[in-house]
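Scroll down for the structure; my scribbles are underneath it.
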Amino acid sequence: MMIMTAVLAPAWGGEELEFNYESLAPNHPAVRRKHHSPRLRLVPGLGAETVGVPVLSWWRIAGSVGVFILALVAAVTLGALVGISLDPSFGLVPVDYFSYTVLPGDNLWSLAAANVTALPPGEAVAQIMKINHLDAASVLQTGDQLLIPIY
808 MMIMTAVLAP AWGGEELEFN YESLAPNHPA VRRKHHSPRL RLVPGLGAET VGVPVLSWWR
868 IAGSVGVFIL ALVAAVTLGA LVGISLDPSF GLVPVDYFSY TVLPGDNLWS LAAANVTALP
928 PGEAVAQIMK INHLDAASVL QTGDQLLIPI Y
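Heads up, the sequence shown is in the numbering used here, so the first residue is 808 and it goes up one at a time.
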């Protein structure tokens, strides 16, 4: 069996070897740093006025986001209050009640639609059921007395 070896480095005879890094790696950071001119700095001239430039920091960003969230919450709250005030049925309290005798063919929906026009029919039915202590299983009989709210 035959083993071959290769010389991986030049023999060193005691003299110092110089490598030309610039030709081997022209984009190496050490080579680039050596050849670049010093960075220019802008200095104020005679009679010039210096102006501070605002620095964007995490605290400033957090403050801006906080102000935005606060404004958003205020807008939603204001919208809810305006929406409530525009709802005609919000806060309506019955002024009085009148007694109604159930006739054949009457149901809560027809009574609500005919007599309680200040509220939507569904809310009017719920109010009539609440005032008269009725539930979903209750059946109206001819001759029953119901209290109907007046708004």
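Where a beta carbon is used, it is the ideal one built from N, C-alpha and C, also for glycine.
When DSSP states are grouped into helix, strand and coil, Pro-956 belongs to the strand group. Here DSSP, grouped into helix, strand and coil, assigns Thr-884 to helix. Leaving aside the five residues that flank Pro-928 on each side, the residues in its chain whose CB is nearer than 7 angstroms to its CB run, in chain order, Trp-916, Ala-919, Ala-920.
Gln-934 is not a Cβ neighbour of Val-946, given a cutoff of 9 angstroms. If you ignore the 5 residues before and after Asp-942, its C-beta comes within less than 8 angstroms of the C-beta of Met-936, all in its own chain and listed in chain order.
For Ser-906, the enclosing beta strand (DSSP E) stretches over residues 903–908. Per DSSP, Gly-950 lies in no alpha helix (DSSP H) and is assigned neither H nor E.
For Gly-852, the three-state secondary structure derived from DSSP is coil. Annotated three-state conformation of Leu-926 is coil, per DSSP. With 16 or more other CB atoms across the displayed protein chains lying within 10 angstroms of its CB, Val-932 is buried. When secondary structure is reduced to three states using DSSP, Gly-890 falls in the helix class. For Asp-903, same chain residues with a beta-carbon under 6 angstroms away, outside a window of 5 residues either side, are Ile-957 in chain order. Sequence-distant partners of Tyr-907 (beyond 5 residues in either direction) whose C-beta falls short of 8 angstroms from its own C-beta, in its chain, are Leu-918, Asn-922, Gln-952, Leu-953, Leu-954, Ile-955. Counting only the Cα atoms, Trp-866 lies some 37 angstroms from Ile-891.
The Cβ atoms of Val-883 and Gly-950 do not sit closer than 9 angstroms to each other.
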